[in-house]
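In what follows, a single structure is set out as structure tokens and then discussed.
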Amino acid sequence: MLLDIFNSAVQSTDPSISQSREELYNTIFIPYWRQNLENGNPSDAAGLDSFNKYFFPSFHFIKTMYNNHIIKITSTHKHNTPFFIAMSAPQGCGKTTFTDLVCKLFAHTGVNCVSMSLDDFYLTGSDQDAIAAQYHSNPLLQYRGNAGTHDLKLALDTLEALKTVEPGSPVSIPRYDKSLRAGRGDRSPPSRWTAIDSRVDVVLFEGWMLGFTPTELQSPAAGASSCEALSVPEDIPTEGIQEVDRLLHSYRTLHDLFDLWLLLAVKDLSQVFAWRLEAEHKMLAAGRAGLTDSQVRDFVLRFMPAYAKYAPFMYAHGPQRQEGVPVLKICVDKDRQPTTVDVID
282 MLLDIFNSAV
292 QSTDPSISQS
302 REELYNTIFI
312 PYWRQNLENG
322 NPSDAAGLDS
332 FNKYFFPSFH
342 FIKTMYNNHI
352 IKITSTHKHN
362 TPFFIAMSAP
372 QGCGKTTFTD
382 LVCKLFAHTG
392 VNCVSMSLDD
402 FYLTGSDQDA
412 IAAQYHSNPL
422 LQYRGNAGTH
432 DLKLALDTLE
442 ALKTVEPGSP
452 VSIPRYDKSL
462 RAGRGDRSPP
472 SRWTAIDSRV
482 DVVLFEGWML
492 GFTPTELQSP
502 AAGASSCEAL
512 SVPEDIPTEG
522 IQEVDRLLHS
532 YRTLHDLFDL
542 WLLLAVKDLS
552 QVFAWRLEAE
562 HKMLAAGRAG
572 LTDSQVRDFV
582 LRFMPAYAKY
592 APFMYAHGPQ
602 RQEGVPVLKI
612 CVDKDRQPTT
622 VDVID
């Protein structure tokens with residue numbers, strides 16, 4: 282069973298796994314953990330517990346899947362094919378920390394990992410304004426975030442280009458600046474994009490709505506997960522979600538690109554509100570501009586209808602993906618610590 286790969290790395294006594302765990306903890310994880318203490322992360326003892334139960338087993342699983350990918354492409358002579366990983370997780374649950382660490386851990390083992398976010402492929406400001414005007418009566422499409430507000434062609438073209446990147450022929454990854462246009466956001470100028478000029482081994486692509494399956498395609502015949510049922514707040518509005526559901530169909534091509542899915546799940550959707558409030562309170566305490574509690578609620582409510590409509594199915598059966606692509610699903614608590622782990626295949 283694939284889940285055995287994850288479990289084998291949780292406090293394993295296997296000498297090779299134990300040595301790898303100790304080396305990665307001391308050289309990569311603990312310096313990163315201490316660097317972020319000022320942001321409210323807990324003690325080294327808590328860090329060690331997180332590393333042993335969450336970060337290292339997850340990386341061990343991902344690295345094993347990557348190694349299997351290398352064997353496969355070597356046998357088929359497709360040497361320029363990176364390992365594409367999708368990570369679907371709600372806002373505030375620790376996506377940035379997870380992706381940063383996975384890429385650092387890969388780098389330490391000689392693997393070039395590039396991280397990307399679906400957020401960086403939002404439409405330009407003018408194109409987003411056009412969407413808002415086209416769907417002027419839909420409150421979910423007046424602002425970036427939901428299906429229909431991303432430049433999917435740019436995302437697909439960028440991922441395709443990463444297959445053949447070479448020194449002297451760099452590929453630029455777009456960046457999006459959410460502070461532009463008085464907070465409505467816009468794509469950063471190309472001069473601020475990230476240039477990749479060496480061969481890419483792993484692409485880690487994260488997003489809050491990656492893997493959502495349109496309603497009419499939700500078939501429970503797919504693999505199932507044993508995680509607890511998701512608690513959904515009762516006061517989530519549903520106006521406009523039907524148009525978002527139709528627009529979601531266009532994301533299938535993107536979802537089908539990935540070789541592995543990582544799914545961070547929460548037990549209660551209201552936790553997304555709490556995490557966003559926590560982030561804003563930290564910014565205010567640091568003297569930076571932040572949203573008020575009521576503004577945070579208004580902001581998160583733009584995403585909640587999609588969470589409520591798609592997350593329950595995704596948590597039970599996995600994200601939309603090609604047949605046979607495995608999903609490592611980790612349920613996290615309010616402290617972003619794992620409670621249960623499952624593999625959907």
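Throughout the sequence shown, residue numbering follows the working numbering, covering 282 to 626 in sequence.
Ideal Cβ placement from N, Cα and C applies to all residues, glycine included.
- Separation of Phe584 and Ser297 (C-alpha to C-alpha, rounded to the nearest whole angstrom) is 44 Å.
- Per DSSP, reduced to three states, the secondary structure at Leu404 is coil, with no helix or strand assignment.
- In this structure, DSSP gives Tyr416 a state outside helix and strand, which the three-state scheme calls coil.
- Assignment of Gly328 by DSSP, reduced to helix, strand and coil, places it in the helix class.
- For Leu582 and Phe402, the gap between their C-alpha atoms comes out near 21 Å.
- Val606 and Gln409 have their C-alpha atoms spaced approximately 33 Å apart.
- In this model, Ser331 and Gln618 are separated by some 7 Å (Cα to Cα).
- In this chain, the beta strand (DSSP E) harbouring Ser398 covers Cys394 to Ser398.
- Cβ-Cβ separation between Ile286 and Phe342: approximately 5 Å, consistent with a contact (criterion under 8 Å).
- Annotation: Pro471 to Asn427 spans about 24 Å, alpha carbon to alpha carbon.
- The beta carbon of Leu528 is closer than 6 Å to those of Ala428 and Gly429 in its chain, skipping five residues each way along the sequence.
- Counting C-beta atoms within 10 angstroms of its own C-beta, Pro600 has 16 or more neighbours from the protein chains shown and is therefore classed as buried.
- Judged by their CB atoms, Phe365 and Phe539 are nearer to each other than the 9 Å cut-off.
- Here Asp325 is exposed: its Cβ has fewer than 16 other Cβ atoms, across all protein chains shown, within 10 Å.
- Apart from the 5 residues on each side of it in sequence, Ser299 sits with its Cβ closer than 8 Å to the Cβ of Ser293 in its chain, given in chain order.
- Spanning the alpha carbons of Ala436 and Phe337 requires a straight line of approximately 29 Å.
- Under the rule that a run must span 3 or more residues, the beta strand (DSSP E) segments found entirely inside the stretch 361-394 read 364-369.
- Of the residues assessed, Ala327 falls on the exposed side of the cut-off, its CB having fewer than 16 other CB atoms within 10 angstroms.
- DSSP places Lys610 in the uninterrupted beta strand (DSSP E) bounded by Val608 to Val613.
- The Cβ atoms of Cys374 and Cys384 lie no closer than 9 Å to each other.
- Pairing Pro593 with Asp616, the inter-Cα distance amounts to about 21 Å.
- Counting only the Cα atoms, Gln499 lies some 21 Å from Lys548.
- By DSSP's assignment, Val624 forms a beta bridge with Leu609.
- Counting along the chain, the unbroken beta strand (DSSP E) around Leu545 starts and ends at Leu541 to Val547.
- Where Phe486 is concerned, the enclosing beta strand (DSSP E) starts and stops at Val483 to Gly488.
- Rounded to the nearest angstrom, the Cβ distance from Met368 to Thr380 is 7 Å, consistent with a contact under 8 Å.
- Shown here for Arg473: same chain residues with a beta carbon closer than 6 Å to its own, the five before and five after excluded, namely Arg456 in chain order.
- Using a Cβ distance threshold of 9 Å, Gly492 and Arg602 count as a contacting pair.
- Considering only Val613, Leu544 and Tyr532, the residue with the shortest C-alpha distance to Leu433 is Tyr532.
- Beta-bridge analysis with DSSP links Pro619 to Val613.
- The criterion of a C-beta distance shorter than 9 Å is satisfied by Tyr596 and Ala546.
- If you look at Thr345, you'll find it in the alpha helix (DSSP H) that goes Phe337 to Ser356.
- For His598, the closest alpha carbon among the candidates Ala589, Glu497, Asp614 and Val624 is that of Val624.
- For Thr445, the closest of Arg480, Ile454 and Gln423 by C-alpha to C-alpha distance is Arg480.
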